Amino acid sequence: MAPPRELKSSAGSLDVELTAARGRVRINGRYASMLCYNGMLPGPTLRLRAGDRLNLSLRNDLDEATNLHVHGLHVSPEGRGDNPFVRITPGSSFDYGYELPASHPPGVYWYHPHLHGTVADQVSGGLYGAIIVEDPEPIAASRERVLVVSDVSLDSAGSLRRPTAMERMMGRMGEVVLLNGQVRPRLEIRTGERERWRVVNTCVSRFLRLRLDGQRLQLLGVDSGRRPVPASVEEVLLPPGGRADLLVVTTAGTSRLRALPYDRMGAGGPGNMGGMMGGSDGGGHTLATVEAAGAGAPSPAPVPARQAQRDLRSATPAVHRELVFSAGFGGMMGRGPGGTGFAINGSEFNPDRTDVRAEAGTVEEWTLVNSSPMDHPIHLHVWPMQVVDSPRQVLDDPDWRDVVNVPANERVRVRVAFDDFVGRSVFHCHILDHEDSGMMAVIEVR
Ligand code: C2O
Ligand code: CU
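Quick note on full-length UniProt numbering: the sequence shown kicks off at 1 and runs consecutively.
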């Protein structure tokens, strides 16, 4: 399997030209007509270091407006930065400029369009690519792979299939799951060698319960979060938009990298409507077959200890907020106070309204309340969130994420430090159909 093309910064900067356009790509020997960056699926991987400048010129050759979001990067939301309010009309270009602070956390990030109302269509159509922010101290591995997972629904002619109204409400699940644009590719690995896998879940609404049959995974971190030492795990849950940074050592033979079934409708609890409403992805999917053969290189050096991460648990929050995520349609789900569909505190997204005003330099505590019987993975732009209380996790570590899943009818508490950057940005459900349906709000930090 050919990995995505890589573009690396040098001497502190990276200049990239991306063109978004319809493209014909080969998926396992058949042609599909999708949306691509630079004719590729996925788009090129951008490799950066903390302190770098990224100059990215985006040309829009689609037949509708678009823009770009650098998901998870801690960069300015204003002007030509990670500005979700920019609109690039067909036939025009926009020059983005992002300055990564010298303290930018290493990790796996990604880019995708973010124009409200079109995000789910454009991302599931094929517009996504990985961004890697390198570690200050390299971690020895015999090979590094960027694994971009996506899903798509194609008709028999290989064209993008329009989602049904029900799929838009529930969050569409592409019928075909792709790894770097291919169905079930074969990854060849040398037995006993340590590889580093950077996994990105670009699926519009599919949760990935990742497992490599019969093997444990060493989890370096998720999103921008870094563990001081890798955690040995059997499984990693990546919500839509989430990423994992893994070390993998395989034993001889063939194993499958799988996404196990995940039920977004209350995970099988009482009132579970998953099967009925398409919330479950059935039997799961094989993402790749991993063939280990030969004798690998001797075990590489241990992972260097990480710098301790910031921990906001001892901070005094300036403000406590409650944010209620509600999903109402057809009288089947709890409607928000305003009687609206997909809403935050009763209101659907309005770019001209500011929903949350925060003061620069403060720490806030947010209680994310899910008042609906389906999970919502919540993403805040620019400022990462530290999970301080969640029903589903053991918090043995400062747990930094930029997508925090709030399970059906549960609540999760997070803390956010509004450091470094001021400006207007957004937070939203990363089931992108829900975002397009209104589950997004504006935050302004001054
Ligand atoms: Cu990955 Cu606001 O999105
Ligand atoms: Cu949602």
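Where is the CB? At the ideal position from N, CA and C, for every residue including glycine. Predicted model only: the values in this text are computed from it and were never measured.
Whole-angstrom distance between residue j and residue i, CA atom to CA atom
i: L115; j: V382; result: 17 Å
i: I443; j: V414; result: 16 Å
i: L56; j: A252; result: 42 Å
i: F94; j: P228; result: 39 Å
i: V108; j: G225; result: 10 Å
i: R424; j: E78; result: 7 Å
i: M440; j: F427; result: 6 Å
i: E188; j: P298; result: 17 Å
i: E193; j: A315; result: 42 Å
i: R313; j: F418; result: 15 Å
i: V403; j: M385; result: 8 Å
i: H376; j: S159; result: 29 Å
i: V149; j: L179; result: 5 Å
i: S205; j: G72; result: 18 Å
i: S9; j: G361; result: 30 Å
i: V249; j: R196; result: 9 Å
i: P304; j: V233; result: 19 Å
i: G338; j: A327; result: Any answer about G338 is weak, because its pLDDT of 43 lies below 50 and its placement is not dependable; what the coordinates show is given next. About 11 Å.
i: I27; j: Q182; result: 5 Å
i: L37; j: P44; result: Looking at the sequence itself, residue 37 is Tyr, so the reference to Leu does not match. Cα-Cα distance, rounded: 8 Å.
i: E64; j: S390; result: 40 Å
i: R49; j: T289; result: 31 Å
i: H434; j: M265; result: 14 Å
i: H285; j: L35; result: 23 Å
i: R256; j: H430; result: 27 Å
i: L208; j: V363; result: 31 Å
i: G51; j: G12; result: 7 Å
i: E6; j: V152; result: 23 Å
i: N409; j: G294; result: 49 Å
i: V123; j: E167; result: 15 Å
i: P230; j: D245; result: 10 Å
i: V388; j: R87; result: 36 Å
i: P373; j: I344; result: 15 Å
i: N67; j: V416; result: 26 Å
i: D82; j: L368; result: 24 Å
i: H112; j: G438; result: 18 Å
Integer-rounded CB distance, given that residue j should sit under 8 Å from residue i
i: A102; j: D61; result: At roughly 36 Å, the Cβ-Cβ gap does not stay under 8 Å, so A102 and D61 are not in contact.
i: R411; j: N370; result: 7 Å
i: A120; j: P42; result: Incorrect: roughly 17 Å between the Cβ atoms, too far for contact.
i: G241; j: H379; result: 6 Å
i: P300; j: S142; result: 7 Å
i: V406; j: F325; result: 7 Å
i: residue 465; j: V133; result: The requested residue 465 is not part of the displayed model; the chain covers only 1 to 446.
i: L219; j: V236; result: 6 Å
i: D436; j: G117; result: 5 Å
i: A32; j: L154; result: 5 Å
beta-carbon residue i near the ligand CU non-hydrogen atom, thresh 7 Å
i: M439; result: yes
Any non-hydrogen atom of the ligand C2O within 7 Å of residue i CB
i: V426; result: yes
i: H71; result: yes
i: H379; result: yes
i: G241; result: yes
i: H112; result: yes
Interface flag, residue i vs chain D, CB-CB below 8 Å
i: F421; result: Absent from the structure is chain D; it holds one protein chain and no more.
### Query
Using the beta carbon as the reference atom, which residues fall closer than 5 Å to any heavy atom of the ligand CU, ordered along the chain?
H376, C429, I431 and H434
### Message
So within the UniProt domain "Plastocyanin-like" (343–445), which uninterrupted beta strand (DSSP E) runs reach at least 3 residues, ignoring any that extend past its ends?
### Response
356–358, 363–370, 376–380, 385–389, 399–401, 403–406, 411–417, 423–429 and 440–445
### Message
What ranges does the beta strand (DSSP E) occupy inside the region 204–269, keeping only unbroken runs of at least 3 residues that lie completely in it?
### Response
208–212, 217–222, 231–233, 236–238, 243–249 and 253–260
### Query
At which residue ranges does the region 4–58 contain complete alpha helix (DSSP H) runs of 4 or more residues, listed in the order of the chain?
You should have found no qualifying run.
### Message
I'd like the ranges of any beta strand (DSSP E) spanning at least 3 consecutive residues and lying wholly in the region 121–205.
### Response
129–133, 143–152, 176–179, 186–190 and 194–201
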